[in-house]
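Notes follow the structure.
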Amino acid sequence: MTNRFLSLIDPEGGPASCWPFLGSKMGPGYGQMPPNPVGRLAHRWTYNHFIGPIPKGMVVMHLCDNRLCCNPHHLKAGTQQDNLKDMNDKNRHGNHPRKCTKEKLKRILELKNQNVNVEEIAKQVGYHKRTVFRLIAEAGQHKAKALK
Ligand SMILES: [Zn+2]
Numbered sequence: 279m280t281n282r283f284l285s286l287i288d289p290e291g292g293p294a295s296c297w298p299f300l301g302s303k304m305g306p307g308y309g310q311m312p313p314n315p316v317g318r319l320a321h322r323w324t325y326n327h328f329i330g331p332i333p334k335g336m337v338v339m340h341l342c343d344n345r346l347c348c349n350p351h352h353l354k355a356g357t358q359q360d361n362l363k364d365m366n367d368k369n370r371h372g373n374h375p376r377k378c379t380k381e382k383l384k385r386i387l388e389l390k391n392q393n394v395n396v397e398e399i400a401k402q403v404g405y406h407k408r409t410v411f412r413l414i415a416e417a418g419q420h421k422a423k424a425l426k
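331 is the number that our numbering gives to position 53 of the sequence shown; each next residue is one higher, with no gaps.
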């Protein structure tokens, strides 16, 4: 069983490189393992296999930002807050452009126009409330600029 999982990981680049997951993907671009007791997210399975059990309530983060990477050297267990902080830090340094699909932005503005409150919008599009606030503010500025 373990070999079957390991065959889905490509460690050819060596310990310093990313080890891409070769199997199918799930959700937002993560590797998907066949059903197993640890869970189907490939990087979580990898962490558990190479490093040890994931502490309860912790998430496994990618230090390399490559969601398909299964190199245990690139994985770190942290809290959800650590994970968000990590993402924010990277955004701030500009090497990890924030992804906001046009459709989502459109949806946010649509809901906003229907006077749906930000909290509810955030829930619907899966963003943090503050992100929704900022996107609405930014969209407003663009509009204002366009009208000038
Ligand atoms: Zn990696």
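Glycine included, each C-beta is placed from N, C-alpha and C at the ideal position.
In summary, residue 320 is buried, with 16 or more beta-carbon neighbours lying within 10 Å of its beta-carbon over all protein chains present. Per the Cβ contact rule, the region 385–397 is not in contact with the region 345–365 (fewer than 3 Cβ pairs under 8 Å). Bounds of the alpha helix (DSSP H) holding residue 320 are 320–328. Residue 299 has 287 as its beta-bridge partners, per DSSP. Contact annotation: residue 337 and residue 353 have beta-carbon atoms that are not nearer than 8 Å. For residue 298, the CB contacts under 6 Å within the same chain, skipping 5 residues up- and downstream, are 288 and 346 in chain order. Near ligand 1, residues with a Cβ at less than 6 Å from any of the ligand's heavy atoms are 296, 342, 344, 347, 349 and 352; the list follows chain order.
Distance from residue 323 to residue 311 at the Cβ level is roughly 5 Å; contact confirmed, criterion being Cβ atoms closer than 8 Å.
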